[in-house]
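Following our numbering, the numbering of the sequence shown begins with 11 at its first residue and continues without gaps. Quick reminder that beta carbons are idealized off the backbone N, C-alpha and C, glycines included. Notes follow the structure.
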Amino acid sequence: MSTTLDSALVADLAGEVSGSVLGPQDAGYDAARAVHNGLIDRRPALIVRCRTTNDVVAALALARRAGLEVSIRGGGHNVAGRAVTDGGVMIDLAEMKGIAIDPDEATATAEGGVIWAELNDAAAEHGLAVTGGAVSGTGIAGYTLGGGLGWLMAKYGLAADNLLTVEFVTAEGDVLRADARSHADLFWALRGGGGNFGVATSFTYRLHPVQTIVGGLIAHPIVAAPELLRFYRDAVADAPDDLTVFAGLVHAPDGSGAKLSALVVFHTGDPVEAERDLEPFKTWGSPLLVEVGPMPYPVMNTILDAGFPAGSLNYWLSSFTRGLPDELIDITVERFANVPSPMTAILFEHFHGAVTRVGVTETAVPHRKQGWNLLIPSVWTDPGDSEANIAWSRDTFAAMRPHFGNGRWLNYLGDDQAEDAIRAAYGPNYERLREVKRRYDPDNVFHLNHNIAP
Ligand SMILES: Cc1cc2nc3c(=O)[nH]c(=O)nc-3n(C[C@H](O)[C@H](O)[C@H](O)COP(=O)(O)OP(=O)(O)OC[C@H]3O[C@@H](n4cnc5c(N)ncnc54)[C@H](O)[C@@H]3O)c2cc1C
């Protein structure tokens, strides 16, 4: 593939698009190519900061004419960093920020550069919400195309389960609207198939009435971890749809490096129900901190933000597990004792309720069983520590492997292109996704993603 760019083509493009066109010499180029994960350091030949769907069509046409690789950047939060191409054209949607809320129909239409903080705030003005990222800086685009798990999933399903329409640019440069009736095959694939099929320029979601929720953090000393995780496992077994609790081993946010065991709780019911359902979690053992109370839904999605600073170095591994047996809890505790970075956590995300009532093949997201997704988000800041952190993550993951189920959460896949990880993420939907890929992108123009080879 050629990596040179004809300056006449670039000049034509700059005249054609309403957004800016940045090459390596231009001011703003380095900021535009930076993504959340500071480990990613790639240099596109050209970054097209699109403002409109037509800009996307033009950028794509130029890349194809020049024979250059294409990458798509939504919110830039994917740890794998495939939003950035080395030597190709990065179609950057970060400036496509339009949001329209229709309170009567309870829908939101948002462009591909919107992040969850922005959509949550806009919907909250009308007392509405949809499932979004647990960290507010995550982009709606990559997140939704990968399924999108979050605090509201037990009540209302994944972000992808709430999608109504996607405006979309195909590899051929056609602009389509995919929904349950038109391009239904594509619409199915966009709900969990990632960035494989084209550029999604806007998303329309079904919203739900959500205003004040009850949520927050409960922290215990690390010595309580084995018992806390056992209590947690049993306590969420029959959790109602209104209640979601994630558990984990974390570090104190005060910079002391102290290890803690913790629960993050979230409840959408009325205050009486919330108090009843949260009481056992608040009163178990001898907590160091119980910071749980009513808050607007958008605030809940910021309480973990500080743990994931932009530009920090990230290496993530994750897998669905087969339950949360004592042995897995013990391995978790043992491995966390030697974690090299005071920013790293081991988290268990509980799936139950609405997300588990959608059929395995109903959308492209097959992960519909009640249980846990294990996430090991390793985060550090000194590049000199990369080797130690990556090695610890891999060894920890390997030690836990006997307890893994078959599934992997697509959005959390790192730069781990192993075919078995990708197969595990798409599960039984892989072959059908491949048929859709052949129909809409037979040349695999969109391959900087967790790729479904046509
Ligand atoms: C701190 C942090 C917290 C997170 N929390 C959650 C969480 O709570 N739940 C969850 O499910 N995931 C979570 N994730 C994972 C996150 O959802 C994925 O990394 C997702 O890809 C991010 O979307 P983005 O638009 O920001 O990503 P980008 O890096 O911009 O894009 C990722 C990939 O998605 C595709 N893509 C992006 N935009 C488009 C588009 N408009 N059209 C077509 N393809 C596109 C491309 O293939 C691109 O390489 C989190 C990640 C981080 C770093």
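With a beta-carbon spacing of about 5 Å, L327 and S403 fall inside the 8 Å limit used to define contacts. Not one heavy atom of ligand 1 sits closer than 7 Å to the Cβ of H218.
Taking non-hydrogen atoms of ligand 1 into account, the C-beta of L70 is found less than 7 Å away from none of them.
In this structure, the C-beta of H46 approaches ligand 1 to less than 7 Å from one of its heavy atoms. A check of alpha carbon separations from G85 across E79, V94, G77 identifies V94 as the nearest. For Q35, the closest C-alpha among the options P54, V446, S81 is that of P54.
Boundaries of the beta strand (DSSP E) around N324: 323-330. Of all C-beta pairs linking the segment 173-189 to the segment 204-213, three or more are shorter than 8 Å, placing the two stretches in contact. K269 carries a strand assignment under DSSP once its states are collapsed to helix, strand and coil. The residue among K447, F358, G424, R444 with its C-alpha nearest the C-alpha of G160 is F358. Here V99 is buried: its Cβ has 16 or more other Cβ atoms, across all protein chains shown, within 10 Å. The criterion of a C-beta distance shorter than 8 Å is not satisfied by A181 and G152. The Cβ atoms of L299 and L238 lie no closer than 8 Å to each other.
Annotation: R367 is outside any alpha helix (DSSP H) and is labelled neither H nor E by DSSP.
Between T141 and I57, the alpha-carbon positions lie close to 30 Å from each other.
Taken through DSSP and simplified to helix, strand or coil, T222 comes out as strand. Taken through DSSP and simplified to helix, strand or coil, I150 comes out as helix. Residue range 99-102 is occupied by the beta strand (DSSP E) that includes M100. Non-local C-beta neighbours of A364 in its own chain, meaning closer than 8 Å and more than five positions away in sequence, comprise M163, A164, K165, Y166, G167, D171, D251, ordered along the chain. In chain order, N416, G417, R418 place their CB closer than 7 Å to the CB of A434, counting only its own chain and leaving out the 5 sequence neighbours on each side. In the assembly as shown, D453 is an exposed residue. Its beta-carbon has fewer than 16 other beta-carbons within 10 Å. A contact between stretches requires three or more CB pairs, one per stretch, nearer than 8 Å, and the segment 368-381 fails this requirement with the segment 335-351. Listed in chain order, the alpha helix (DSSP H) elements of length 4 or more contained wholly in the segment 107-190 are 126-134, 150-155, 163-166.
Contact between V389 and T354 is confirmed by a C-beta separation of about 6 Å, below the 8 Å threshold. Distance from the CA of P113 to the CA of L129, rounded to the nearest whole angstrom, comes to 14 Å. Judged by the Cβ position, F358 fails to qualify as a neighbour of ligand 1 at the 7 Å threshold, every heavy atom of the ligand being at least this far. Between W382 and G156, the alpha-carbon positions lie close to 18 Å from each other. Within the model, the alpha-carbon separation for A134 versus F276 is close to 17 Å.
The beta carbons of F197 and H360 sit about 28 Å from each other, so the pair does not count as a contact at 8 Å. Taking the C-beta atoms as reference points, F456 is found nearer than 8 Å to N206. In this structure, DSSP gives T254 an extended state, which the three-state scheme calls strand.
The distance from the Cβ of R59 to that of S17 is about 19 Å, inconsistent with a contact at the 8 Å cut-off. G303 sits in a strand when the DSSP states are folded into three classes. Closest by C-alpha distance to A71, out of R449, A401, D184, is D184.
Restricting attention to G267, F330, L200, the CA atom closest to the CA of V179 is found in L200. At a cut-off of 7 Å, the beta-carbon of H230 does not count as near ligand 1: no heavy atom of the ligand is closer than that.
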